[in-house]
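Below is one structure; the comments refer to it alone.
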C-alpha cells in the first residue's frame with residue numbers, strides 16, 4: 274500500500290450518477306463460436322434490456338450482428354455500428370472516463386489494450402477506446418503510458434485504488450516497469466492517492482486475476498469479496514485469502530477502516546452449463562451499478578443465487594437489485610458495462626457508408642443512429658469529390674481518422690471534408706475554405722441549404 278499526490282484528473286466511483294452504459298455485442302471474430310456465440314449475443318441483449326430499465330444503454334455492434342441486435346433491444350438501447358467490435362468485454366478494451374478536478378471536462382483514457390497480455394490475436398477491439406472516447410467527448414482520449422484493462426481497475430471515487438498486481442504489474446503488460454512507475458501513471462490518470470495492491474494469481478485464466486471478479490467497492494470504505502466455493506472449484510483461493518488479509522488491516526484514502534463482506538461463489542456442479550472451461554470464474558461481485566439499481570449475475574445455483582441477492586439487497590438498501598441469468602457472460606472474467614459519468618453530453622452517433630468515394634456523384638452518407646431529446650437530426654451528405662489528399666482512395670475515412678472527419682454534439686453533426694480544390698460549385702460552397710491541408714468543414718446549416 275502506498276500513496277501519491279493529487280492529480281488533474283480523477284475517476285468517479287461507479288455508484289455516482291451516470292449518463293449511460295456502454296456495451297458491446299460479440300461476433301464471429303470473438304473467441305466464441307457456433308451455439309456459444311449465439312448464447313453470448315442473446316445474453317448481451319438481455320442484460321442491455323435489463324439495464325435499460327434504469328438508464329440509457331449504447332450497444333456497439335458490427336454490421337454482422339446489427340440487424341439482430343436492433344430487432345431485439347429495448348427502446349432505451351441505442352445501437353451503434355462499429356466494425357471494430359469483436360468481443361463483449363468493453364470494460365476491458367473500452368475507455369475509462371475521468372473528470373477534471375474543476376468538473377468542466379470529461380476525458381476517456383486509452384489503456385493500450387493488448388488482449389490481456391497478448392493472450393489473443395488482435396481483432397479490432399484495441400481501437401475501440403480511441404473511437405469511443407472521441408465520439409463521446411469530442412476530444413481524443415488521454416493516452417496512458419502503461420497497458421491495462423478497465424476490469425483490472427477499481428476505485429472508490431475518493432482517491433482509493435484497488436487492484437491485483439498480477440493483472441497490471443506483469444511483464445505481459447508492462448515489462449520492466451516498477452510498481453512506483455505504474456502508480457505514478459495511475460495517479461496522473463485516475464487521481465488516486467492510496468493504492469491497495471492485492472497479490473492476485475497469474476496464469477489461471479485469461480485476465481491474470483481482474484479485480485472486478487475478486488473485490489469491489491460498494492461505497493468508500495466498504496468492499497465485497499468473492500469467496501471461493503467450499504467445493505474447491507474457485508480459481509482464486511490464494512488471491513481471496515491474500516485479499517482478506519490485506520484489506521482487513523487497510524484504510525482508504527480518507528482514513529476509513531475497510532469493512533469487508535464475503536459473497537460465496539456458486540457451486541459449478543449445479544450449473545446447467547459451464548462455458549469456456551479454462552476461464553471459469555463464477556463471481557457475484559462482477560456486478561454493475563446503474564442509476565437507482567444494481568445488476569448482479571445469477572448462475573443457476575438456487576441456494577447461492579438467493580444468498581447473493583439477499584446480501585446485495587442489504588448492501589444497497591436504497592437501490593433495486595436485479596439478478597440476471599448470465600452463465601455465458603459472467604463466468605469468463607470481465608465486466609459487460611463501461612460507465613459514462615452523468616456529465617457526459619448526450620451525443621449523437623453516426624454510421625458511415627461502406628467506403629468513401631472520390632466521385633462527387635457517389636458521396637459518403639452520414640446519419641444519426643439515435644435521436645436527441647429535440648428529435649431526429651437530418652441526414653448530412655459528405656461530398657468527398659475532387660480527390661483526397663490525406664486518406665487516399667478506397668479508404669474507410671471514419672475508421673481511419675475519426676477525430677478529423679466527424680465530430681458530433683447534442684444538436685447537430687459537423688462533417689469534415691477534404692478537397693484538393695478550394696472552390697466547388699455546391700450550394701454550401703461558402704462553407705468551403707482552402708485551409709491547412711485543404712481540410713474543410715461543412716456546417717449542417719450550410720450543407721442543408
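Residue numbers (my numbering): 274 to 722.
Note that the Cβ used here is the ideal one computed from N, Cα and C, for glycine as well.
Judged by DSSP secondary structure, residue 587 falls within the alpha helix (DSSP H) whose first and last residues are 575–588. By the criterion of a C-beta distance shorter than 7 Å, residue 318 is surrounded in its chain by 342, 345, 346, once the five residues flanking it on both sides are discounted. Nearest C-alpha to residue 592 among 573, 356, 572, 564: 564. Taking each of 301, 411, 320, 315 in turn and checking the Cα distance to residue 597, the smallest one comes out for 320. In the three-state reduction of the DSSP assignment, residue 560 falls in the coil class, being assigned neither a helical nor a strand state. Between residue 374 and residue 410, the gap from beta carbon to beta carbon reaches 8 Å or more. Under the three-state reduction of DSSP, residue 510 is assigned to helix.
Residue 351 and residue 337 have their alpha carbons spaced roughly 17 Å apart. By the Cβ criterion, the stretch 472–484 is in contact with the stretch 431–449, since at least three pairs of Cβ atoms, one from each stretch, lie closer than 8 Å. Closest by C-alpha distance to residue 378, out of 406, 467, 562, 479, is 406. The residues 419, 441, 442, 447, in chain order, have a CB closer than 7 Å to that of residue 455 in the same chain once the five nearest residues on each side in sequence are set aside.
Judged by beta-carbon spacing, residue 500 lies within the 8 Å limit of residue 535, meaning their Cβ atoms are closer than that value. Across the set 356, 302, 294, 304, the C-alpha of 294 shows the shortest separation from the C-alpha of residue 332. Restricted to the stretch 293–327, not a single beta strand (DSSP E) segment is unbroken, complete and at least 3 residues in length. In summary, residue 284 is buried, with 16 or more beta-carbon neighbours lying within 10 Å of its beta-carbon over all protein chains present. The Cβ-Cβ distance between residue 525 and residue 573 does not fall below 8 Å. By the Cβ neighbour-count rule, residue 449 is exposed, with fewer than 16 other Cβ atoms within 10 Å of its own.
Given a length threshold of 4 residues, each whole run of the alpha helix (DSSP H) inside the stretch 463–547 is given here in chain order: 510–520. Around the Cβ of residue 532, a 10 Å sphere holds fewer than 16 other Cβ atoms; the residue is exposed.
Per the coordinates, the alpha-carbon of residue 518 lies some 42 Å from the alpha-carbon of residue 301. Around the beta carbon of residue 559, a 10 Å sphere encloses 16 or more other beta carbons of the protein chains shown; the residue is thus reported as buried.
Distance between residue 397 and residue 387, taken at the CA atoms: about 11 Å.
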